[in-house]
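Asker: So the protein sequences, as listed, match chains A and B.
Quick note: to get the numbering used here, add 857 to the position in the first sequence (first position is 1).
Quick note: to get the numbering used here, add 1214 to the position in the second sequence (first position is 1).
Can you keep this structure in mind? I'll have questions shortly.
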Amino acid sequence: MLDRSMPSRDTRPSLSFMIRTRIVNADGANAGRLYDIAVSTGAEAGRVAGIVVKSRAGLGWVSATEMTGQPDGTLRLSAGARLEPLRGDESFVLLRQDLLDRQIIDVHGRKVVRVNDVDLQWFGKAGSPLDLRVAEVEVGLRGAARRLLLDLMPQSAISAIAARISARVIPWEFVDLIEADPARRVKLKLSSERLAQLHPSDLAGILEDLAPAEREAIFATLDEGVAADALEEVDPALQKSLIESLGPERTASIVEEMNPEAAADMLNELADEYSESILNKMDEHERHEVEELLEFREDSAAGRMTTDYVQVAYSGNVAEAIQALREFEGAPETVTEIYLVDGEAAERGPAALRPDGPSPGTAPTLAGAASRKPVLKGVVPLARLLLAQPETRLAMLADRRFASVSKDAHQRVVADLFDRYNLRALPVVDSLGGLIGVVEADHVIAFLRDAR
Amino acid sequence: MTGRARARYLRNRLFFLLAILGPGFITANVDNDAGGILTYSQAGAQYGYSMLWTMLPITLALIVVQEMCARMGVVTGKGLSDLIREEFGLRLTFIVMVLLVIVNFGNVMAEFVGIVGSLQLFSISKYVAVPVCAALVWLLAVKGNYKSVEKIFLTASAFYLCYVVAGVLARPNWRQALTATVELPGRAAWHTPGYVYMVVGLIGTTIAPWMQFYLQASIVEKRIPVRKYSASRWDVIIGSLFTDLVAWFIIVACAATLFVHGHGASGLKTPGDAAEAMRPLAGKYSFLLFSFGLFNASFFSASVLPLSTAYTVCEGLGFESGVDQSFREAPFFYWLYTLLIAGGAAAVLWPGFPLIRITILSQVLNGVLLPIVIVLMLLLINRKDLMGTYVNSRLFNVVAWVTAAVVIGLSVVMMVKT
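Take a look at the structure:
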């Protein structure tokens, strides 16, 4: 066997080279070999907290404060340091056990990758207490080559070869561990904060790449808003397995945060009983929105529409429209135009419609199936609203001709209208001309891609 | 039940059966590839019905091994190469992957030999057939998605029925064939030269290492939930039964024609020879069915093998993979995939290429790889932390280890002999 002790200390050793490093007692006697490296999480993230030593007595644990790095690369225990037995529930990340050959999330690159090696970095001088930190994780060919060649040739030769291979590394601050055990996830202080910053589509892509246990563990730690956004983006089969793992209670609170149209599509895929139990746990308001959408055929305009849109009385002015936008409860970035409705009809709705003013966006769905929806009279693009004076009457800004579609129209018709009139959004009306929802461009794109 | 209700009930059952057919059924069928058909034809031509008894134990072994993969895929949601990498480290994974690439390259070559052989029977030049088929194979995977490809594969599997028809047309002695299936042959048969060797060959061609990787990966890709596991198990069982039923009919067809007329296996060098030899004995239809069956099988396997190899290797070694990625995003995946197809195709067109030597090398390495894969599988599937309550039962373990021991023993014998 080759001796693993390095002739001179490498300032950036890799985990694979460090494993089986010789560890000596204060008096220089052999104490064992390095088996694993424990790294702190939380505030001290990345710092080596201790070493797991394999000795004749089995595996033992020694804290980093009780050892010093030697100039020849070995590690020396300080006087009086003892190997503690390993309990198995330490709140440290073990590099070999938790990282090597495992999958991690590259938060920066937004994907799931497999760890080939871990690069560490020495701080402080040789002879001072151990100050070693994780620098980056190797996921490319270089790390793999180093490990495959280990023991087959001297380390200096391996380093020379490795230096010629271009590296693919992920800095430690962009590494997110995948821990399937929720209790340990908490203990390791693994937060999903950084995942929450990702675009929902990227997060969905990551979830799709993981095995079920890990996927569910990570999904369970996301807060409801983030989980809802991600859930809208994952494919239907996966949606199903994810929410079935959560149970109706938590699913309900996530579904409340979802776009009603996406929520209805998702619930449609579930067994009736289960979707019923989710709906029952939901807030009155959101449940009503979703239930209304569930009534429509999935391939009709109404089945594809959302009920989150902004409507204002036809007689209103720009200031009132801006106010309605401020009060809009849906995602503001999805709004491309506002809808002008027959003021008289709008008043009849039981919801928060002010007698003379604009109505908050989601009001019409609260009107219930029985009452008439306010009739759509005009459409104002958002940009035109932005350029106009606050007191300008909305009727002056509205396009005289605008496209709308009947709720029963097939989604192919919807796609045709989008194409013909270069639309970004298309209002959906009932048989009496009442505005009941809006189809957005992304749903048309999704449909067209599915149809291919 | 009234007649109509009964018909509806039966129809529903049939649909249920068809709906659960998927990865297990496809994997088992791909297994009857050009090499497999050649081996079955030789077995039937040389030893007649006396080879049929092997079908029952082989089927059992196939089900046992495949079921474990399906179970691991459903429970862990990870591919076999992923699991090997995570639990046994990079070096062992690397060795397994290198072996797998060589073995599978040998198989891909054999598929192209099968394509050439079958199309030559229809007088299509190999210089046309091979490039066209290679291009089609390449496009099928790159342009298709899993769902549409699965449908194509399931349809291709149905075409294996033409071997059943060919078997019936060969007018075998049914009583003799059925008896030989359930009865061990007399002592004399075992002393026939090459008999043991042929038995080994039959098992070797039926249980191949790539199948375990392919099956488990497809199950993972299909995202089959644990509670639907029993459907996957039926998928595997039905697939294995169907595959071996087809194999049984190939042996019977050759036994009833080539063996009965004393043709022997000496003339059967390539997979196409059996069809050619059958023409004067069993008529035009048997010939057509045999040739078409061979083309279907070779083309089908040639589509699955390179793709499965590229996926498995990239998964295990952590390279980007998948046909939904672009060439720039997953260069290694596409290079490996393309080279396997192009290399396999070029090998059969290149006059001086050491085809036979590479085939033998890949068979030897197959014998090395198979025991490794089966042992790793058994170690993995008995791990409680991975499989929970789905670890092997004791009885299953006994059956599985015996299967493994037999397969390993036979592979070693095979290896030493080649």
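Just so you know, even glycine gets a beta-carbon here, dropped at the ideal spot from N, CA and C.
It should be emphasised that the depicted structure is a prediction, and the values quoted were computed from it without experimental measurement.
1) Under 8 Å Cβ to Cβ from I1451 (chain B), same chain only, skipping five residues before and after it: list those, please.
2) Compare the C-alpha of F1509 (chain B) against each of B:L1521, B:K1483 and B:Y1377 and name the closest.
3) Measure the alpha-carbon distance for L1005 (chain A) versus S1023 (chain A) and round it to whole angstroms.
4) Output, in chain order, the set of chain A residues within a Cβ distance shorter than 8 Å of K1498 (chain B).
5) List, from N- to C-terminal side, the alpha helix (DSSP H) runs of 4 residues or more that fit wholly inside the region 1413–1464 of chain B.
6) Of the residues that make up the region 1294–1305 of chain B, which ones have a beta carbon closer than 7 Å to any beta carbon in chain A?
7) Short of 7 Å Cβ to Cβ, which residues in the region 944–978 of chain A face chain B?
8) Does the region 1310–1323 of chain B touch the region 1478–1491 of chain B, meaning 3 or more C-beta pairs lie closer than 8 Å?
9) If contact means a Cβ-Cβ distance below 9 Å, which residues of the region 1039–1062 of chain A contact chain B?
10) My output table needs one value for R1385 (chain B): the three-state DSSP class, helix, strand or coil.
11) State the Cα-Cα distance for the pair K1230 (chain A) and E1118 (chain A), rounded to the nearest angstrom.
12) Please name the residues in the region 980–1014 of chain A whose beta-carbon is closer than 8 Å to at least one beta-carbon of chain B, in chain order.
13) Identify, in the order they occur along the chain, each residue of the same chain with its Cβ nearer than 6 Å to the Cβ of A1001 (chain A), setting aside the five sequence neighbours on each side.
14) Mind checking the region 1022–1035 of chain A against chain B and listing, in chain order, the residues whose C-beta falls within less than 8 Å of any C-beta there?
15) Which residues mark the beginning and the end of the alpha helix (DSSP H) in which Y1499 (chain B) is found?
16) Taking just the CA atoms, how far does L1251 (chain A) sit from L1244 (chain A)?
17) For T922 (chain A), is the classification buried or exposed, using 16 other Cβ atoms within 10 angstroms of its Cβ as the cut-off for buried?
18) Helix, strand or coil for Q1268 (chain A) per DSSP?
19) Going along the chain, which residues of its own chain have a beta-carbon closer than 8 Å to the beta-carbon of A1084 (chain A), five neighbours each way excluded?
20) Just to confirm, is the Cβ distance from L956 (chain A) to V950 (chain A) under 8 Å?
21) How would you list, in chain order, the residues of chain B whose beta-carbon sits under 7 Å from the beta-carbon of S1098 (chain A)?
22) Return yes when the Cβ of L1124 (chain A) is within less than 8 Å of the Cβ of A1087 (chain A), no when it is not.
23) Under 9 Å between beta-carbons, which chain A residues line up against T1290 (chain B)? List them in chain order, please.
24) Roughly how many whole angstroms lie between the Cα atoms of I1417 (chain B) and P1057 (chain A)?
25) May I ask you to list, following chain order, the residues of the region 1509–1531 of chain B that have a beta carbon less than 8 Å from some beta carbon of chain D?
26) Just curious, the alpha helix (DSSP H) that N1125 (chain A) is in, first and last residue?
27) Tell me, please, whether the region 1243–1263 of chain B touches the region 1487–1494 of chain B by the rule of three or more beta-carbon pairs shorter than 8 Å.
28) Which residues share a DSSP beta bridge with K968 (chain A)?
29) At which residues does the beta strand (DSSP E) containing Y1131 (chain A) begin and terminate?
30) Is L1088 (chain A) close to chain B? Criterion is C-beta to C-beta, closer than 8 Å.
31) Is the CB-CB distance between I1555 (chain B) and V1351 (chain B) below 8 Å?
32) Between the C-alpha atoms of M1412 (chain B) and I1574 (chain B), what's the straight-line distance to the nearest angstrom?
33) Taking I1195 (chain A) as part of the beta strand (DSSP E), name the residues at either end of that continuous run.
34) On a CA-only basis, which of B:A1511, B:G1557, B:L1624 and B:C1468 is nearest I1366 (chain B)? Give me that one, please.
35) Excluding sequence positions up to five away, which residues of its chain have a Cβ less than 6 Å from the Cβ of E1143 (chain A)?
36) Quick check on DSSP: helix, strand or coil for A1219 (chain B)?
Answerer: Reading it off the structure:
1) If you number the second sequence from 1, residue 1451 (chain B) lands on position 237. Counting only Cβ-Cβ distances below 8 Å, and skipping sequence neighbours, we find G1238, I1277 and E1281.
2) The sequence position of residue 1509 (chain B) within the second sequence is 295, counting from 1. Here the closest residue by C-alpha is B:Y1377.
3) Locating residue 1005 (chain A) in the first sequence gives position 148, counting from the first residue. Locating residue 1023 (chain A) in the first sequence gives position 166, counting from the first residue. Distance between the alpha carbons of L1005 (chain A) and S1023 (chain A): 16 Å.
4) In the second sequence, residue 1498 (chain B) corresponds to position 284, counting from 1. Neighbours of K1498 (chain B) on chain A: none; closest Cβ ~43 Å, over 8 Å.
5) 1423–1435
6) R1299, E1300, G1303, L1304 and R1305
7) D958, R959, V970, R971 and N973
8) no
9) none
10) Start at 1 with the first residue of the second sequence, and residue 1385 (chain B) comes out as number 171. Correct three-state label for R1385 (chain B): coil.
11) Mapped onto the first sequence, residue 1230 (chain A) falls at position 373. Mapped onto the first sequence, residue 1118 (chain A) falls at position 261. Their Cα atoms are separated by approximately 19 Å.
12) V996, A1001, R1004 and L1005
13) As a working note, residue 1001 (chain A) is residue 144 in the first sequence. So the qualifying residues of the chain are N973.
14) none
15) Walking along the second sequence from the start, residue 1499 (chain B) turns up at place 285. K1498 to L1531 is the span of the alpha helix (DSSP H), which, as asked, contains Y1499 (chain B).
16) As a working note, residue 1244 (chain A) is residue 387 in the first sequence. As a working note, residue 1251 (chain A) is residue 394 in the first sequence. Near 12 Å, if we compare the C-alpha coordinates of L1251 (chain A) and L1244 (chain A).
17) Locating residue 922 (chain A) in the first sequence gives position 65, where the first residue counts as 1. Flag for T922 (chain A) reads exposed.
18) Here residue 1268 (chain A) refers to the residue found at position 411 when the first sequence is read from its first residue. In the structure shown, Q1268 (chain A) sits in a helix (DSSP, three-state: H, G or I).
19) Indexing the first sequence from 1 puts residue 1084 (chain A) at position 227. So the qualifying residues of the chain are F1076, I1111 and E1114.
20) As a first step, residue 956 (chain A) is located in the first sequence; it is residue number 99 there, counting from the start. As a first step, residue 950 (chain A) is located in the first sequence; it is residue number 93 there, counting from the start. Going by C-beta atoms, L956 (chain A) is nearer than 8 Å to V950 (chain A).
21) Start at 1 with the first residue of the first sequence, and residue 1098 (chain A) comes out as number 241. Simply R1437 and P1439.
22) Working through the first sequence from its first residue, we reach residue 1087 (chain A) at position 230. Working through the first sequence from its first residue, we reach residue 1124 (chain A) at position 267. No. Outside cutoff.
23) Start at 1 with the first residue of the second sequence, and residue 1290 (chain B) comes out as number 76. Residues of chain A passing the Cβ test: A1068, P1069 and A1070.
24) Residue mapping note: residue 1417 (chain B) aligns to position 203 of the second sequence, counting from 1. Residue mapping note: residue 1057 (chain A) aligns to position 200 of the first sequence, counting from 1. Straight-line Cα distance between these residues: approximately 50 Å.
25) Considering every chain present, this structure includes no chain D. Its protein chains are A and B.
26) The residue you call residue 1125 (chain A) lines up with position 268 of the first sequence. Run containing N1125 (chain A): P1117 to E1126, per the alpha helix (DSSP H) assignment.
27) yes
28) The residue labelled residue 968 (chain A) in the question sits at position 111 within the first sequence. Bridge partners of K968 (chain A): A:D963.
29) Sequence index remark: in the first sequence, residue 1131 (chain A) carries index 274 (1-based). First-last for Y1131 (chain A): D1129 to K1138, but that is the alpha helix (DSSP H), not the beta strand (DSSP E).
30) As a working mapping, residue 1088 (chain A) is identified with position 231 in the first sequence. No, L1088 (chain A) does not count as interfacial toward chain B.
31) For the purposes of this step, residue 1555 (chain B) is taken as the residue at position 341 of the second sequence. For the purposes of this step, residue 1351 (chain B) is taken as the residue at position 137 of the second sequence. Their beta carbons are under 8 Å apart, which means I1555 (chain B) touches V1351 (chain B) by this criterion.
32) The residue you call residue 1412 (chain B) lines up with position 198 of the second sequence. The residue you call residue 1574 (chain B) lines up with position 360 of the second sequence. Using only the alpha carbons, I get a separation of about 15 Å.
33) Locating residue 1195 (chain A) in the first sequence gives position 338, where the first residue counts as 1. Residues E1194 to V1198.
34) Translated into positions along the second sequence, residue 1366 (chain B) becomes position 152. The shortest C-alpha separation from I1366 (chain B) is found at B:A1511.
35) Along the first sequence, read from residue 1 onward, the residue named residue 1143 (chain A) stands at position 286. The answer, listed in chain order, is E1113.
36) Here residue 1219 (chain B) corresponds to residue number 5 of the second sequence, with the count starting at 1. Reduced to three states, the DSSP call for A1219 (chain B) is helix.
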